[in-house]
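Numbering (my numbering), first residue to last: 87 to 628.
Here it is in structure tokens:
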């Protein structure tokens, strides 16, 4: 059974944000719905680790190793799902090593084949039809964008790689009896389904010399040829199918990159939700309105909520106001996180766990702020990379979800800081403008009140909501006002109490919809999901 590594976690109350020292946290497989079987954990040295975990005096639970790639951490009445990114990354690295070993086997097989003449090389290249097979494994988006660059690269690679030319020529003269000097292993159609002819190594691994029943290279062989030309398979969950990489395995072109700048008439049917704690699953929990809306629509919904963030920080994470970053020495450290010395439009907040994935000066990695003011950039593949001063950081999630139907619920934390209203409007507009479809399907949601807002904050809130409504009338949804109506109570299946009616008279969200002075509870989430779903139907989106 594979081991999956999980980083140390900060344990905190999601409502008050107070740290929870000496708290008991039990780790279960994410599929263990009844939470009956705590997982057998190990510490980072591979020794057994007690489950439940106990948070330290600083409120951190230790890093641990679990047998499941996805777990849930349960404690204090909360359930937080976590996925082991390091475990997935280690598996990807192992696959890369296996691919390199397979490539070495192919080269060895070709070198042991009969040396071809120049005429045989030309004939082999023509019969192998390598460009067509590369096209079979590279998406049209990549070919269309790289059509002026790939042919000379292919020609140069074939001219410089005797293993490739030798392999092609050997296929061309196969009727002369191609053999491997150490261990002759010629396949026929009875050996491997779908294979007409091919050569395997002494370890029975397929080489690049594999012909299908149609006389063309098999997908496995074509993929190996593609890899030798600089086309590399990447993880499916990255949102890309094929990429072109440089000598350091840095992605310099991808199908997602090709599509990201393109526009379409309308968004796709899936959704993305950008906001603060009013959207964040860590605050709203299992009853999150985003989760309930996903059930109503039957579509994929990305939750881009992060508690305590302002409109500008949310827009930075979404990509509308990309971060401008300078790192120490204008180069990555090569051994771990690199200190960010200056950043404009910071997309992160001090958090021991959360980070923002993206690309900085062509280098994939994450931005993170482990402690206040200590922003770091860590490449996915550690190395020494030049990072020009004031480079733009492009967040991955923002780029990947540009083509979706979107909700924006930001501004609540700007009430706390009394951010200039013009800047809040600019942040929202930047987020909308960054979306790729020509027709934007966006819902901009009214900022909710807080029970403890003082007179100045109440005046600011009223002015802010009026300004947002005036700036984005076609996107506006007065969700905060609607939560104070009988329709909201009916949508949640509740009846307002006397206390709720007093709240409504005072311009507050009813107590029956709140978990504290501001945030919505399960009933509130049910109501919000129903209203957003209704609004999408009214606008003809569903």
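C-beta atoms are modelled at their ideal positions from N, C-alpha and C, and glycine is treated no differently.
Could you pull out every unbroken beta strand (DSSP E) segment of at least 3 residues lying fully inside the segment 360 to 413, listed in chain order?
-> The qualifying runs are 387 to 391 and 409 to 413.
Report the residue from 118, 122 and 146 whose alpha carbon sits nearest the alpha carbon of residue 92.
-> 146
Using 10 angstroms around the beta-carbon of residue 503, count the other beta-carbons present and answer buried if the total reaches 16, otherwise exposed.
-> exposed
Strand pairing of residue 95, partner residues [DSSP] = 147
Residue 477 bridges to which residues according to DSSP?
-> 411
Could you spell out the range, first to last residue, of the alpha helix (DSSP H) harbouring residue 652?
-> The requested residue 652 does not occur in the structure, where the chain is confined to residues 87 to 628.
Reference residue 596, options 159, 462, 586 and 120, closest by Cα = 586
When you compare only the Cα positions, how much space is there between residue 130 and residue 150?
-> 6 Å
Option in 420, 499 and 401 with minimal Cα separation from residue 517 | 401
Within the same chain, show all residues whose beta-carbon is closer than 6 Å to that of residue 570, passing over the 5 residues directly before and after it, in chain order.
-> Answer for residue 570: 590, listed in chain order.
Contact under 9 Å by Cβ, residue 441 with residue 454 | yes
Alpha carbon of residue 599 to alpha carbon of residue 580, nearest angstrom | 10 Å
Closest by C-alpha distance to residue 448, when choosing among 627, 435, 482 and 428 = Of the listed residues, the one whose Cα sits closest to residue 448 is 482.
Given that a residue counts as buried once 16 or more other Cβ atoms are within 10 Å of its Cβ, and exposed if not, what is residue 485?
-> buried
On the three-pair Cβ rule with 8 Å, is the segment 151 to 167 touching the segment 106 to 115?
-> At 8 Å Cβ cutoff, the stretches touch.
Which first and last residues belong to the beta strand (DSSP E) in which residue 456 is found?
-> 449 to 457
If you drop the 5 nearest sequence neighbours on each side, which residues of the same chain put their C-beta closer than 6 Å to that of residue 409?
-> 402, 429, 431, 433 and 479
What residue does the beta strand (DSSP E) around residue 115 start on, and which one ends it?
-> First-last of the beta strand (DSSP E) with residue 115: 110 to 115.
Between the CA atoms of residue 133 and residue 388 - distance to the nearest angstrom = 37 Å
Around the C-beta of residue 119, are 16 or more other C-beta atoms found within 10 angstroms, so that it is buried, or is it exposed?
-> exposed
Taking only the alpha-carbon atoms, compute the straight-line gap between residue 435 and residue 512 and give it to the nearest angstrom.
-> 21 Å
Pick from 471, 368, 462 and 491 that is closest to residue 418, judged by C-alpha positions = 471
With distances taken from CA atoms, which of 308, 559, 127 and 489 is nearest residue 526?
-> 489
Which parts of the segment 530 to 566 are runs of the alpha helix (DSSP H), unbroken and 4 residues or longer, counting only runs that do not cross its ends?
-> 541 to 557
Who are the near neighbours of residue 444 in its chain, counting only those whose CB is closer than 6 Å to its CB and skipping five residues on each side?
-> 479, 480, 481 and 482
Look at the alpha carbon of residue 138 and the alpha carbon of residue 99, and state the distance between them as a whole number of angstroms.
-> Each residue's Cα considered, the two are about 18 Å apart.
Validate contact between the segment 459 to 474 and the segment 379 to 398 using beta carbons, cut 8 Å, 3 pairs | no
Mind checking which residues open and close the beta strand (DSSP E) that includes residue 467?
-> Here residue 467 belongs to no beta strand (DSSP E), and DSSP marks it neither H nor E.
Range of the contiguous beta strand (DSSP E) that encloses residue 501 = No beta strand (DSSP E) holds residue 501; the alpha helix (DSSP H) holding it covers 498 to 503.
Hey, residue 530 and residue 498 are a contact pair by Cβ (cut 8 Å); roughly how many whole angstroms apart?
-> About 13 Å separates the two Cβ atoms, so there is no contact after all.
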